[in-house]
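Student: Okay, here's the structure, questions in a sec.
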Amino acid sequence: PPDELSIQNGILTTRASRYPLCIDPQQQAVAWVKKREAKSNLKVCTFNDPDFLKHLEIAVNLGFSFLFEGVDEYIDPIIDPVLEKNIVKKGNSRTVKIGDKDVEWDDSF
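Using the numbering used here, the first residue of the sequence shown is number 1482, and each one after it goes up by one.
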């Protein structure tokens, strides 16, 4: 929406150094993110999806956009290293721990 608050939220979402958590009961932010990131191979998952970790690993490794949808009060701590950008440099590569795997980090993620 073109109102001032939505514009400010959009700026914060796209310019923040951390990944945004949008509380979005009307699904406006979700629709905006999906439209904006559609060209970036956006993958949408929930924590209930049995293979959400695999999809997250692929997105991190290939630099695709990723959206967790339907997050309630619980955020699975297995994704904390990604949310906190705990990137480890190993030689020429940079990795992040997702579960028990070191996943190569693509800066486009």
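All residues carry an ideal CB built from backbone N, CA and C; glycine is no exception.
(1) List in chain order: all unbroken alpha helix (DSSP H) runs of 4+ residues lying wholly within the stretch 1544-1573.
(2) Roughly how many angstroms separate the alpha carbons of Pro-1558 and Val-1525, rounded to a whole number?
(3) Taking the beta strand (DSSP E) that Lys-1524 falls in, what are its first and last residues?
(4) Over the uninterrupted beta strand (DSSP E) stretch that includes Lys-1582, give me the two end residues.
Tutor: On the basis of the coordinates in this document:
(1) 1561-1564
(2) 18 Å
(3) 1524-1526
(4) 1582-1585
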